[in-house]
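Undergrad:
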Amino acid sequence: MRDLDPAPETAGMLLEWYDRNARDLPWRVPPHRSRAGFRADPYHVWLSEVMLQQTTVAAVGPYFHKFTTLWPSVSHLAAAEDADVMAAWAGLGYYARARNLLKCARQVAGELDGCFPDTEAGLATLPGIGPYTAAAIAAIAFDRPAVVVDGNVERVMARLFDIRTPLPAAKPEIKAAAAALTPAERPGDHAQAVMDLGATICTPRNPACGICPLMAGCLARRNGSAADLPAKTPKAAKPVRRGVAYLARRADGAILLERRPDKGLLGGMLGLPGPDWGETVPAHRPPVDAEWRISPLVVRHTFTHFHLELEVRVTELPEGAQARSGRFHPGAELRAGDLPTVFRKALKAGLAGLDD
DNA sequence: GAGCCGTGGAT
DNA sequence: TATCCAAGGCT
Numbered sequence: 001m002r003d004l005d006p007a008p009e010t011a012g013m014l015l016e017w018y019d020r021n022a023r024d025l026p027w028r029v030p031p032h033r034s035r036a037g038f039r040a041d042p043y044h045v046w047l048s049e050v051m052l053q054q055t056t057v058a059a060v061g062p063y064f065h066k067f068t069t070l071w072p073s074v075s076h077l078a079a080a081e082d083a084d085v086m087a088a089w090a091g092l093g094y095y096a097r098a099r100n101l102l103k104c105a106r107q108v109a110g111e112l113d114g115c116f117p118d119t120e121a122g123l124a125t126l127p128g129i130g131p132y133t134a135a136a137i138a139a140i141a142f143d144r145p146a147v148v149v150d151g152n153v154e155r156v157m158a159r160l161f162d163i164r165t166p167l168p169a170a171k172p173e174i175k176a177a178a179a180a181l182t183p184a185e186r187p188g189d190h191a192q193a194v195m196d197l198g199a200t201i202c203t204p205r206n207p208a209c210g211i212c213p214l215m216a217g218c219l220a221r222r223n224g225s226a227a228d229l230p231a232k233t234p235k236a237a238k239p240v241r242r243g244v245a246y247l248a249r250r251a252d253g254a255i256l257l258e259r260r261p262d263k264g265l266l267g268g269m270l271g272l273p274g275p276d277w278g279e280t281v282p283a284h285r286p287p288v289d290a291e292w293r294i295s296p297l298v299v300r301h302t303f304t305h306f307h308l309e310l311e312v313r314v315t316e317l318p319e320g321a322q323a324r325s326g327r328f329h330p331g332a333e334l335r336a337g338d339l340p341t342v343f344r345k346a347l348k349a350g351l352a353g354l355d356d
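Under full-length UniProt numbering, think of the first position of the first sequence as 1, with each following residue one higher.
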């Protein structure tokens, strides 16, 4: 591994930049208060960090507000109903995070007296808290000099040290670089400073090197490689999967929904019934024996690793109708916002087909 | 290590 | 339209 000594003034310049340019985020203690010794509520740090996993600040904002309003502490969250938490998370994606969030909350409330562990190792034992999140909470909430490495840090380090090894093979080298830069003082602000820098200046495309506080010491800028870093091994193309979703509406307006199994795609979430999605639509029976019509609107949706084309079939049923599985949700309690996005789209397409 | 797991915005 | 990508974790 290459020698990765940053210029001695680099970390200090980064913190000075952060003191002047830190973004105002709902879960953040601003630098002037951090310097005065104030720390963020560990519950807020944990909740925001889990929500921010592979998710933009803009998307997280309303969800963070909703969760902290509904459940002001980890103990409140631990006491919540599973279905309420999954419904509140609907639309944010990566639903295993919501299931692990509840597991973690119940573990903290039930076994740890409502207090999060204050060390990186302790945090890392909890569900949904991996290497990044453990380090981030330890640094931000508990002032531990943990080495925080997320996608922003990877990009900033790859450029600062002109690391051309492609990810993920470059991870050890990048971790060493981040460790060499992490200060003993204000490690939480330092971590947030690197991430803010990556989000606003050292961006994936068109990095604003001209206004970067670290421009003097940046090897990629000197070598002209900044725009090409970090290198990544190419990803596989997304295949197309096909499926059918059934929208059954009773005369009283209730709609048939199923809760999906806890594991796998959209695990634990409500959805429209239908066969599993695959290269072709498998032979199957509809959830109710009825006359089904095909909505003219095909739903297209892209997941992490495949494109989906979903046909929506619709029917109207008498008031007392029964289904083989799932539950009819009265129109009054049915909120499209409680569904994952693909089923919000399917519901909309199906209702248009029913009402045309 | 590599596949699985969402979504919406930017380019 | 197609691709990339965002404060990753789990298996």
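The beta carbon of each residue, even a glycine, is placed where N, CA and C say it ideally should be.
Computed from a predicted model, the values in this text were never measured in an experiment.
Please classify Y95: does DSSP put it in a helix, a strand, or coil?
TA: Coil.
Undergrad: For T125, which of K103, H65, D113 and F142 has the nearest alpha-carbon?
TA: Comparing Cα positions, the closest option is K103.
Undergrad: Is there contact between the segment 174-181 and the segment 77-88, where contact requires at least three CB pairs shorter than 8 Å?
TA: Short answer: they don't touch.
Undergrad: For the alpha helix (DSSP H) containing F303, list its first residue and its last residue.
TA: Note, F303: premise wrong, no alpha helix (DSSP H); not H, not E.
Undergrad: Check F38 in the structure and name its three-state DSSP category.
TA: Coil.
Undergrad: DSSP three-state call for G274: helix, strand or coil?
TA: Residue state, collapsed to three classes: coil.
Undergrad: According to DSSP, is E258 part of a helix, a strand, or is it coil?
TA: E258: strand per DSSP, three-state reduction.
Undergrad: Thinking C-alpha only, which one of V50, A88, A109 and Q53 is nearest S73?
TA: If we check each option's Cα against that of S73, A109 comes out closest.
Undergrad: Counting along the chain, where does the alpha helix (DSSP H) carrying L160 start and finish?
TA: Where L160 is concerned, the enclosing alpha helix (DSSP H) stretches over G151 to L160.
Undergrad: Count Cβ pairs between the segment 190-198 and the segment 239-258 that sit closer than 8 Å; are there 3 or more?
TA: Judged by Cβ distances under 8 Å, the segment 190-198 makes no contact with the segment 239-258, as fewer than three pairs qualify.
Undergrad: Would you call the segment 317-324 and the segment 288-303 in contact, with 3 or more CB pairs under 8 Å?
TA: Yes: the two stretches touch, three or more of their Cβ pairs being nearer than 8 Å.
Undergrad: Please state the DSSP three-state secondary structure of R144.
TA: If DSSP states are grouped into helix, strand and coil, R144 belongs with coil.
Undergrad: Does the distance from the C-beta atom of Y95 to that of M269 stay below 8 Å?
TA: A contact, by the Cβ cut-off of 8 Å.
Undergrad: Go to F328, then tell me how far its alpha helix (DSSP H) extends in each direction, as first and last residue.
TA: Taken as a continuous stretch (DSSP letters only), F328 belongs to no alpha helix (DSSP H), being part of the beta strand (DSSP E) at R327 to H329.
Undergrad: Buried or exposed: where does T10 fall if 16 or more other Cβ atoms within 10 Å of its Cβ makes it buried?
TA: T10 should be labelled buried.
Undergrad: With a cut-off of 8 Å on the beta carbons, I'd call F64 and S48 a contact; round off their distance for me.
TA: Right, their Cβ atoms sit about 6 Å apart.
Undergrad: Are the CB atoms of H301 and V342 nearer to each other than 8 Å?
TA: Contact flag set, yes.
Undergrad: Where A135 and E120 are concerned, what is the direct C-alpha to C-alpha distance, given to the nearest angstrom?
TA: Those two C-alpha atoms are separated by around 5 Å.
Undergrad: On the three-state DSSP scale, how would you describe T341?
TA: Residue state, collapsed to three classes: helix.
Undergrad: Go through its chain and collect everything with a Cβ distance to N223's Cβ below 7 Å, but skip five positions before and after it.
TA: Correct list, in chain order: D162.
Undergrad: Helix, strand or coil: how does DSSP classify G243 here?
TA: Reduced to three states, the DSSP call for G243 is strand.
Undergrad: Put A231 into one of helix, strand or coil per three-state DSSP.
TA: Coil.
Undergrad: Between the alpha carbons of A169 and T315, how many angstroms are there, rounded?
TA: Cα to Cα, the separation comes out at about 52 Å.
Undergrad: Tell me the DSSP secondary structure of R313 in three-state form.
TA: R313 falls in the strand class under three-state DSSP.
Undergrad: Taking all protein chains shown into account, decide if K345 is buried (16 or more other Cβ within 10 angstroms of its Cβ) or exposed.
TA: Buried, because 16 or more other Cβ atoms sit within 10 Å of the Cβ of K345.
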